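K.L.:
Numbering (the working numbering), first residue to last: 14 to 73.
#1: In whole angstroms, give me the CA-to-CA distance for residue 46 and residue 39.
#2: Just how far apart, CA to CA, sit residue 63 and residue 17?
#3: DSSP on residue 37, reduced to helix/strand/coil?
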């Protein structure tokens, strides 16, 4: 655990040093919300294959 914290601190410091020297930065990536519909619960209970292969109706 201490090794992980030390490595994290080292990486954060390295990124901050790069930023302060004018290096390029990257915006944080957000998560997109999941759109749930009437079949969402049954799709998840049947597994990914059901979602990928299902030819049922779709909401738009």
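Even glycine gets a Cβ: it sits at the ideal position worked out from N, Cα and C. Just so we're clear, the structure is a prediction, and the values are computed from it rather than from any experiment.
P.N.:
Concretely, from the data shown:
#1: 21 Å
#2: Unreliable positioning characterises residue 63 in this predicted model, as indicated by a pLDDT of 49, which lies under 50. The coordinate reading is nonetheless provided below. Going by the C-alpha atoms only, they are around 39 Å apart.
#3: coil
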